[in-house]
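Remarks on the structure that follows.
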Amino acid sequence: MKTSRSASQTTTAVADRADAKDACSAVVLSSRKKVLRLVSTAEHLLQTREATSGPAFFLASIESTSWIPRIIVVKQGSAIRGIVYAKERKVGFWPTGLIYADATLDSMVVSSAGDATEVFKIAMVRLLRDSRIQGLRLLIPNDHRFDVAIQEVQYRNGMDEHHSEIQNHCVLDLTESYETFLERLGAKTRRNFRSYRRRFEADGGEYVSEMSLEDFRNVSFRLLQKGVVGAEQKGLDRALRMFEAVDRRMLAGLRDANGDWQAIVGGWYEADRAIIFCQMNNDTEYPERSLCTVLRGYLFESLIVKSRIRKVLFWAGVGGPLLRHCEYLPTTAVYLDRPTFVWRGVRKAFSASVQFLPERLGSLAHWVQPTTLPPKAP
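Positions 1 to 378 (UniProt numbering) are the ones given, in order, by the sequence shown.
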(Lines of atoms letter the chains of each structure in order from A and count residues from 1; the text may use other names and numbers.)
(Lines give C-alpha, C1' and ligand atoms only; values in the text may rest on other atoms or scores of the structure.)
Protein backbone atom coordinates (compact mmCIF):
# COMPACT_ATOMS: atom_id res chain seq x y z
CA MET A 1 0.00 0.00 0.00
CA LYS A 2 2.84 2.40 0.82
CA THR A 3 4.48 1.68 -2.53
CA SER A 4 1.22 2.27 -4.35
CA ARG A 5 0.59 5.57 -2.54
CA SER A 6 4.18 6.70 -3.13
CA ALA A 7 3.94 5.86 -6.82
CA SER A 8 0.67 7.77 -7.07
CA GLN A 9 2.21 10.83 -5.41
CA THR A 10 5.21 10.66 -7.74
CA THR A 11 2.96 10.45 -10.79
CA THR A 12 0.93 13.44 -9.58
CA ALA A 13 4.08 15.47 -8.97
CA VAL A 14 5.39 14.68 -12.46
CA ALA A 15 2.04 15.64 -13.98
CA ASP A 16 2.01 18.93 -12.03
CA ARG A 17 5.50 19.76 -13.27
CA ALA A 18 4.44 18.94 -16.83
CA ASP A 19 1.38 21.19 -16.52
CA ALA A 20 3.54 24.00 -15.16
CA LYS A 21 6.00 23.51 -18.01
CA ASP A 22 3.18 23.77 -20.58
CA ALA A 23 1.33 26.60 -18.82
CA CYS A 24 0.61 29.76 -20.78
CA SER A 25 2.07 33.03 -19.52
CA ALA A 26 2.54 36.57 -20.81
CA VAL A 27 5.00 39.36 -20.12
CA VAL A 28 4.89 43.03 -21.15
CA LEU A 29 8.08 44.51 -22.62
CA SER A 30 8.84 48.23 -22.93
CA SER A 31 12.65 48.23 -23.04
CA ARG A 32 13.98 48.68 -26.57
CA LYS A 33 16.84 46.27 -25.87
CA LYS A 34 14.52 43.51 -24.65
CA VAL A 35 12.07 44.06 -27.51
CA LEU A 36 14.80 43.75 -30.15
CA ARG A 37 15.90 40.42 -28.65
CA LEU A 38 12.65 39.03 -30.06
CA VAL A 39 14.28 39.05 -33.49
CA SER A 40 16.22 35.95 -32.41
CA THR A 41 14.03 34.46 -29.67
CA ALA A 42 10.87 34.61 -31.84
CA GLU A 43 12.60 33.84 -35.13
CA HIS A 44 10.31 30.85 -35.73
CA LEU A 45 7.33 33.26 -35.88
CA LEU A 46 8.99 36.18 -37.66
CA GLN A 47 10.96 34.47 -40.41
CA THR A 48 7.94 33.98 -42.68
CA ARG A 49 6.46 37.45 -42.05
CA GLU A 50 7.09 40.83 -43.65
CA ALA A 51 9.55 43.16 -41.91
CA THR A 52 6.55 45.29 -40.90
CA SER A 53 5.64 42.51 -38.46
CA GLY A 54 9.04 42.74 -36.79
CA PRO A 55 9.88 44.48 -33.51
CA ALA A 56 12.29 46.93 -35.20
CA PHE A 57 9.53 48.30 -37.43
CA PHE A 58 7.08 48.64 -34.55
CA LEU A 59 9.61 50.54 -32.45
CA ALA A 60 10.43 52.76 -35.44
CA SER A 61 6.74 53.62 -35.84
CA ILE A 62 6.39 54.90 -32.27
CA GLU A 63 6.60 58.63 -31.64
CA SER A 64 8.39 58.60 -28.29
CA THR A 65 7.05 61.97 -27.15
CA SER A 66 3.48 60.60 -27.18
CA TRP A 67 3.73 56.83 -26.80
CA ILE A 68 5.39 54.10 -24.74
CA PRO A 69 5.83 50.65 -26.34
CA ARG A 70 3.91 47.85 -24.60
CA ILE A 71 4.76 44.61 -26.41
CA ILE A 72 3.14 41.52 -24.93
CA VAL A 73 5.02 38.24 -25.36
CA VAL A 74 2.81 35.18 -24.87
CA LYS A 75 4.62 31.97 -23.96
CA GLN A 76 3.68 28.31 -23.77
CA GLY A 77 6.09 26.99 -21.21
CA SER A 78 9.44 28.41 -22.29
CA ALA A 79 8.52 28.72 -25.97
CA ILE A 80 7.18 31.96 -27.45
CA ARG A 81 3.66 31.37 -28.71
CA GLY A 82 2.96 34.85 -30.02
CA ILE A 83 3.63 38.58 -29.88
CA VAL A 84 1.11 41.42 -29.67
CA TYR A 85 2.22 44.96 -30.48
CA ALA A 86 0.55 47.72 -28.47
CA LYS A 87 1.51 51.12 -27.08
CA GLU A 88 0.44 53.35 -24.22
CA ARG A 89 -0.51 57.00 -24.70
CA LYS A 90 1.38 59.48 -22.57
CA VAL A 91 1.25 63.23 -21.98
CA GLY A 92 4.68 64.60 -21.20
CA PHE A 93 6.20 62.05 -18.84
CA TRP A 94 2.78 60.90 -17.63
CA PRO A 95 1.53 57.47 -18.85
CA THR A 96 -2.23 57.76 -19.21
CA GLY A 97 -3.14 54.10 -18.76
CA LEU A 98 -4.71 54.02 -22.25
CA ILE A 99 -3.47 51.23 -24.49
CA TYR A 100 -3.75 51.39 -28.30
CA ALA A 101 -3.40 48.51 -30.77
CA ASP A 102 -4.19 48.43 -34.50
CA ALA A 103 -5.03 45.11 -36.15
CA THR A 104 -6.20 46.51 -39.50
CA LEU A 105 -2.96 45.77 -41.40
CA ASP A 106 -2.47 42.26 -39.96
CA SER A 107 0.73 43.07 -38.09
CA MET A 108 -0.63 43.56 -34.55
CA VAL A 109 -0.46 39.84 -33.70
CA VAL A 110 2.47 37.65 -34.68
CA SER A 111 1.65 33.97 -34.17
CA SER A 112 0.67 30.86 -36.07
CA ALA A 113 -2.37 31.51 -38.26
CA GLY A 114 -4.81 29.54 -36.13
CA ASP A 115 -3.58 30.94 -32.82
CA ALA A 116 -3.92 34.69 -33.38
CA THR A 117 -7.18 35.31 -31.54
CA GLU A 118 -6.17 33.26 -28.50
CA VAL A 119 -2.79 35.02 -28.32
CA PHE A 120 -4.58 38.36 -28.63
CA LYS A 121 -6.98 37.47 -25.79
CA ILE A 122 -4.19 36.34 -23.47
CA ALA A 123 -2.28 39.55 -24.20
CA MET A 124 -5.26 41.80 -23.43
CA VAL A 125 -5.98 39.92 -20.18
CA ARG A 126 -2.34 40.33 -19.20
CA LEU A 127 -2.45 44.09 -19.81
CA LEU A 128 -5.56 44.45 -17.68
CA ARG A 129 -3.93 42.65 -14.76
CA ASP A 130 -2.14 45.96 -14.24
CA SER A 131 -4.59 48.10 -12.25
CA ARG A 132 -2.94 51.21 -13.68
CA ILE A 133 -4.36 50.43 -17.14
CA GLN A 134 -7.71 52.22 -17.48
CA GLY A 135 -8.75 51.39 -21.02
CA LEU A 136 -8.03 49.66 -24.32
CA ARG A 137 -8.36 51.41 -27.68
CA LEU A 138 -8.43 48.87 -30.49
CA LEU A 139 -8.79 49.20 -34.25
CA ILE A 140 -10.18 45.90 -35.49
CA PRO A 141 -11.01 44.69 -39.03
CA ASN A 142 -14.71 44.05 -39.60
CA ASP A 143 -14.22 40.37 -40.41
CA HIS A 144 -15.27 39.37 -36.84
CA ARG A 145 -12.13 37.33 -36.16
CA PHE A 146 -11.50 39.16 -32.86
CA ASP A 147 -15.14 39.54 -31.78
CA VAL A 148 -15.29 36.55 -29.42
CA ALA A 149 -11.93 37.36 -27.83
CA ILE A 150 -12.98 40.97 -27.19
CA GLN A 151 -16.30 39.87 -25.71
CA GLU A 152 -14.50 37.46 -23.35
CA VAL A 153 -12.05 40.17 -22.25
CA GLN A 154 -14.93 42.59 -21.68
CA TYR A 155 -16.99 40.08 -19.70
CA ARG A 156 -14.07 38.83 -17.63
CA ASN A 157 -13.12 42.36 -16.54
CA GLY A 158 -16.61 43.91 -16.45
CA MET A 159 -15.50 46.63 -18.87
CA ASP A 160 -17.60 49.46 -20.28
CA GLU A 161 -17.68 48.98 -24.05
CA HIS A 162 -18.23 51.26 -27.03
CA HIS A 163 -17.61 50.59 -30.71
CA SER A 164 -18.00 52.59 -33.91
CA GLU A 165 -17.08 52.06 -37.53
CA ILE A 166 -14.38 54.47 -38.67
CA GLN A 167 -12.50 55.45 -41.82
CA ASN A 168 -8.74 55.05 -41.64
CA HIS A 169 -6.52 53.37 -44.26
CA CYS A 170 -7.91 53.20 -47.79
CA VAL A 171 -7.07 51.08 -50.83
CA LEU A 172 -6.92 51.84 -54.56
CA ASP A 173 -7.14 48.87 -56.93
CA LEU A 174 -4.81 48.93 -59.92
CA THR A 175 -5.62 47.53 -63.36
CA GLU A 176 -3.73 45.55 -65.99
CA SER A 177 -2.54 48.68 -67.82
CA TYR A 178 -2.07 52.35 -67.03
CA GLU A 179 -4.42 53.45 -69.79
CA THR A 180 -7.13 51.18 -68.40
CA PHE A 181 -6.52 52.69 -64.98
CA LEU A 182 -6.94 56.22 -66.34
CA GLU A 183 -10.18 55.26 -68.06
CA ARG A 184 -11.63 54.34 -64.65
CA LEU A 185 -11.13 57.87 -63.38
CA GLY A 186 -13.54 60.75 -63.87
CA ALA A 187 -13.07 62.85 -67.01
CA LYS A 188 -11.55 65.84 -65.18
CA THR A 189 -9.21 63.72 -63.05
CA ARG A 190 -8.11 61.74 -66.10
CA ARG A 191 -7.43 64.96 -68.03
CA ASN A 192 -5.37 66.34 -65.14
CA PHE A 193 -3.25 63.19 -64.91
CA ARG A 194 -2.41 63.47 -68.61
CA SER A 195 -2.06 67.22 -69.10
CA TYR A 196 0.08 67.99 -66.03
CA ARG A 197 2.39 65.13 -66.91
CA ARG A 198 2.82 66.42 -70.47
CA ARG A 199 3.73 69.86 -69.14
CA PHE A 200 6.21 68.34 -66.68
CA GLU A 201 7.92 66.36 -69.44
CA ALA A 202 7.90 69.32 -71.84
CA ASP A 203 9.82 71.33 -69.22
CA GLY A 204 12.49 68.60 -69.05
CA GLY A 205 11.29 67.02 -65.81
CA GLU A 206 12.27 63.47 -64.84
CA TYR A 207 10.62 60.75 -62.76
CA VAL A 208 13.03 58.70 -60.63
CA SER A 209 11.43 55.37 -59.74
CA GLU A 210 14.04 54.26 -57.21
CA MET A 211 15.78 56.54 -54.74
CA SER A 212 18.27 55.51 -52.10
CA LEU A 213 17.20 56.06 -48.51
CA GLU A 214 20.02 58.56 -48.04
CA ASP A 215 18.97 60.61 -51.08
CA PHE A 216 15.35 60.49 -49.94
CA ARG A 217 16.37 61.67 -46.46
CA ASN A 218 18.39 64.61 -47.81
CA VAL A 219 15.67 65.69 -50.25
CA SER A 220 12.95 65.42 -47.61
CA PHE A 221 14.84 67.75 -45.25
CA ARG A 222 15.32 70.29 -48.05
CA LEU A 223 11.64 70.16 -48.98
CA LEU A 224 10.67 70.53 -45.32
CA GLN A 225 12.59 73.80 -45.17
CA LYS A 226 10.55 75.07 -48.12
CA GLY A 227 7.34 74.85 -46.08
CA VAL A 228 5.66 71.75 -47.51
CA VAL A 229 2.00 71.76 -46.51
CA GLY A 230 1.20 69.21 -43.78
CA ALA A 231 4.83 68.21 -43.16
CA GLU A 232 6.61 68.52 -39.82
CA GLN A 233 9.98 67.43 -38.49
CA LYS A 234 8.57 64.93 -36.00
CA GLY A 235 6.45 63.16 -38.58
CA LEU A 236 9.27 63.10 -41.12
CA ASP A 237 11.71 61.61 -38.61
CA ARG A 238 9.17 58.88 -37.86
CA ALA A 239 8.68 58.11 -41.56
CA LEU A 240 12.42 57.81 -42.16
CA ARG A 241 12.81 55.44 -39.20
CA MET A 242 10.04 53.24 -40.60
CA PHE A 243 11.56 53.23 -44.10
CA GLU A 244 14.89 52.19 -42.61
CA ALA A 245 13.23 49.22 -40.86
CA VAL A 246 11.55 47.68 -43.95
CA ASP A 247 13.09 45.30 -46.46
CA ARG A 248 11.28 46.48 -49.60
CA ARG A 249 11.21 50.26 -49.68
CA MET A 250 9.26 52.29 -52.20
CA LEU A 251 11.00 55.65 -52.60
CA ALA A 252 10.47 57.75 -55.73
CA GLY A 253 10.46 61.38 -56.82
CA LEU A 254 10.34 64.12 -59.44
CA ARG A 255 13.21 66.42 -60.38
CA ASP A 256 13.40 69.22 -62.90
CA ALA A 257 15.77 69.76 -65.82
CA ASN A 258 18.35 71.25 -63.44
CA GLY A 259 18.28 68.20 -61.17
CA ASP A 260 16.39 69.97 -58.39
CA TRP A 261 13.91 67.74 -56.58
CA GLN A 262 10.30 68.94 -56.66
CA ALA A 263 8.36 66.07 -55.04
CA ILE A 264 8.96 62.71 -53.35
CA VAL A 265 6.80 59.81 -52.20
CA GLY A 266 7.76 57.13 -49.69
CA GLY A 267 6.42 53.82 -48.51
CA TRP A 268 7.06 50.10 -48.85
CA TYR A 269 5.83 46.91 -50.48
CA GLU A 270 3.85 44.20 -48.71
CA ALA A 271 2.72 41.07 -50.55
CA ASP A 272 0.69 42.32 -53.55
CA ARG A 273 0.27 45.91 -52.41
CA ALA A 274 2.28 49.11 -52.18
CA ILE A 275 1.79 51.23 -49.07
CA ILE A 276 2.13 55.00 -49.44
CA PHE A 277 3.09 56.49 -46.08
CA CYS A 278 4.09 60.03 -47.00
CA GLN A 279 4.37 62.43 -49.93
CA MET A 280 6.05 65.83 -50.05
CA ASN A 281 5.44 68.30 -52.90
CA ASN A 282 7.09 71.70 -53.38
CA ASP A 283 3.81 73.46 -54.08
CA THR A 284 5.13 76.60 -52.41
CA GLU A 285 7.43 77.35 -55.36
CA TYR A 286 5.48 75.48 -58.05
CA PRO A 287 1.77 75.82 -57.22
CA GLU A 288 0.73 75.59 -60.87
CA ARG A 289 2.38 72.23 -61.62
CA SER A 290 0.10 69.88 -59.61
CA LEU A 291 3.16 67.89 -58.53
CA CYS A 292 1.05 65.52 -56.42
CA THR A 293 -0.93 64.42 -59.49
CA VAL A 294 2.14 64.09 -61.69
CA LEU A 295 4.08 62.01 -59.16
CA ARG A 296 1.16 59.70 -58.41
CA GLY A 297 0.55 59.13 -62.10
CA TYR A 298 4.15 58.04 -62.66
CA LEU A 299 4.09 55.92 -59.52
CA PHE A 300 0.85 54.10 -60.43
CA GLU A 301 2.17 53.38 -63.91
CA SER A 302 5.43 51.94 -62.55
CA LEU A 303 3.51 49.79 -60.05
CA ILE A 304 1.25 48.43 -62.79
CA VAL A 305 4.38 47.45 -64.75
CA LYS A 306 5.41 45.46 -61.66
CA SER A 307 2.57 43.03 -62.37
CA ARG A 308 2.67 41.51 -58.88
CA ILE A 309 1.47 44.79 -57.33
CA ARG A 310 -2.34 44.87 -57.46
CA LYS A 311 -3.26 47.50 -54.87
CA VAL A 312 -2.09 50.79 -53.40
CA LEU A 313 -2.84 51.41 -49.72
CA PHE A 314 -2.83 55.01 -48.50
CA TRP A 315 -1.82 55.07 -44.83
CA ALA A 316 -4.43 57.09 -42.90
CA GLY A 317 -6.36 57.79 -46.08
CA VAL A 318 -6.10 60.10 -49.09
CA GLY A 319 -7.82 63.30 -50.11
CA GLY A 320 -8.88 64.90 -53.36
CA PRO A 321 -10.66 63.34 -56.34
CA LEU A 322 -8.67 60.10 -56.02
CA LEU A 323 -10.63 59.26 -52.87
CA ARG A 324 -13.72 58.58 -54.98
CA HIS A 325 -11.92 55.60 -56.50
CA CYS A 326 -10.66 54.15 -53.21
CA GLU A 327 -12.28 51.94 -50.60
CA TYR A 328 -11.62 52.25 -46.90
CA LEU A 329 -10.57 49.10 -45.09
CA PRO A 330 -13.66 48.14 -43.04
CA THR A 331 -12.57 49.04 -39.51
CA THR A 332 -14.18 49.21 -36.08
CA ALA A 333 -12.84 51.30 -33.21
CA VAL A 334 -13.40 49.45 -29.93
CA TYR A 335 -13.18 51.18 -26.55
CA LEU A 336 -12.97 49.04 -23.42
CA ASP A 337 -12.88 51.00 -20.14
CA ARG A 338 -12.65 50.23 -16.45
CA PRO A 339 -16.12 50.72 -14.91
CA THR A 340 -14.77 52.57 -11.88
CA PHE A 341 -16.45 55.70 -10.54
CA VAL A 342 -13.26 57.77 -10.90
CA TRP A 343 -12.48 56.74 -14.50
CA ARG A 344 -16.08 57.25 -15.61
CA GLY A 345 -15.91 60.72 -14.06
CA VAL A 346 -12.69 61.54 -15.93
CA ARG A 347 -14.23 60.46 -19.23
CA LYS A 348 -17.34 62.59 -18.65
CA ALA A 349 -15.20 65.58 -17.72
CA PHE A 350 -13.21 65.31 -20.95
CA SER A 351 -16.41 65.01 -22.95
CA ALA A 352 -17.92 68.12 -21.36
CA SER A 353 -14.83 70.31 -21.64
CA VAL A 354 -13.10 69.16 -24.83
CA GLN A 355 -13.70 72.45 -26.67
CA PHE A 356 -12.13 74.43 -23.82
CA LEU A 357 -8.99 72.31 -23.36
CA PRO A 358 -5.53 73.42 -24.58
CA GLU A 359 -4.41 71.74 -27.80
CA ARG A 360 -2.29 69.08 -26.12
CA LEU A 361 -5.06 67.90 -23.81
CA GLY A 362 -7.63 68.36 -26.56
CA SER A 363 -5.86 65.76 -28.70
CA LEU A 364 -5.87 63.39 -25.71
CA ALA A 365 -9.67 63.69 -25.50
CA HIS A 366 -9.93 61.57 -28.66
CA TRP A 367 -8.41 58.71 -26.73
CA VAL A 368 -10.27 59.22 -23.46
CA GLN A 369 -13.85 59.71 -24.61
CA PRO A 370 -15.55 57.23 -26.97
CA THR A 371 -17.97 59.81 -28.39
CA THR A 372 -15.00 61.45 -30.11
CA LEU A 373 -13.39 58.90 -32.43
CA PRO A 374 -9.62 58.42 -32.32
CA PRO A 375 -7.35 60.27 -34.73
CA LYS A 376 -6.23 58.39 -37.81
CA ALA A 377 -3.39 55.86 -37.68
CA PRO A 378 -1.02 57.32 -35.09
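Note that CB positions come from ideal geometry on N, CA and C, so glycine has one too.
Under 9 Å, do I83 and V28 count as touching if we go by C-beta distance?
-> Not closer than 9 Å, so no.
Can T104 be considered in contact with the ligand NAP, in the sense that its beta carbon sits closer than 8 Å to one or more heavy atoms?
-> The ligand NAP is not part of this structure, which contains no ligands at all.
Could you tell me which uninterrupted beta strand (DSSP E) segments, each at least 3 residues in length, are contained entirely in the stretch 94 to 122, listed from first to last along the chain?
-> 94 to 102 and 109 to 111
With distances taken from CA atoms, which of T104, L98 and E214 is nearest R338?
-> The option with the nearest alpha carbon to R338 is L98.
Does the Cβ of Q134 have 16 or more other Cβ atoms within 10 Å, making it buried, or fewer, making it exposed?
-> buried
Based on Cα-Cα distance, which residue from Q262, A231 and G266 lies nearest to E214?
-> G266
Hey, G205 and L254: beta-carbon distance below 9 Å or not?
-> yes
Beta-carbon contacts of L273 that lie in its chain and below 8 Å, excluding the five residues immediately before and after | In the sequence on display, residue 273 carries Arg and not Leu. The answer, listed in chain order, is V171, I309, R310, K311, V312 and L313.
Hey, Q369 and F350 are a contact pair by Cβ (cut 8 Å); roughly how many whole angstroms apart?
-> 5 Å
Close beta carbons around Q121, own chain, < 7 Å, minus the five adjacent residues each side = Here residue 121 is Lys; the residue named in the question, Gln, does not match the sequence. Same-chain partners within the cutoff: A149, E152 and V153.
Just the Cα atoms here: how many angstroms apart are T48 and S112?
-> 10 Å
Which residue from Y155, V208 and P141 puts its Cα closest to that of M124?
-> Y155
What three-state label does DSSP hand T331 in the structure shown?
-> strand
Within the stretch 149 to 178, note down every full alpha helix (DSSP H) run reaching 4 residues or more, in order along the chain.
-> The qualifying runs do not exist here; there are none.
Measure how close the beta-carbons of residue 422 and L139 come, nearest whole angstrom, since I'm counting them as under 8 Å.
-> What is shown of the chain runs 1 to 378, which leaves residue 422 out entirely.
Cα-Cα separation, residue 436 to L322 | The question about residue 436 has no answer here: the residues shown for the chain are numbered 1 through 378.
Would you mind reading off the limits of the beta strand (DSSP E) that contains E206?
-> E206 to V208
Closest residue to A252 among I275, A187, N258 and A271 (Cα-Cα distance) = Answer by Cα proximity: I275.
For Y286, name the three-state secondary structure that DSSP assigns.
-> coil
Along the alpha helix (DSSP H) that carries N192, what are the first and last residues, could you check?
-> A187 to A202
Backbone CA spacing between V91 and D237 [nearest angstrom] = Cα to Cα, V91 sits roughly 20 Å from D237.
Can you name the start and end residues of the beta strand (DSSP E) that K348 belongs to?
-> No beta strand (DSSP E) holds K348; the alpha helix (DSSP H) holding it covers F341 to S353.
Is A365 helix, strand or coil by DSSP?
-> helix
Where are the beta strand (DSSP E) runs, 3 residues long or more, that stay fully inside the stretch 243 to 324, in chain order?
-> 249 to 255, 261 to 270, 273 to 281 and 311 to 314
Per DSSP, S30 is paired with what?
-> None, per the DSSP bridge assignment.
Can you tell which of M211, W315, H325 and E301 has its C-alpha closest to the C-alpha of Y178?
-> E301
Going by Cα to Cα distance, which pick from Q76, W94, M242 and A271 is closest to L303?
-> A271
Whether M242 touches F57 by CB criterion (9 Å) | Cβ distance < 9 Å, so M242 and F57 count as in contact.
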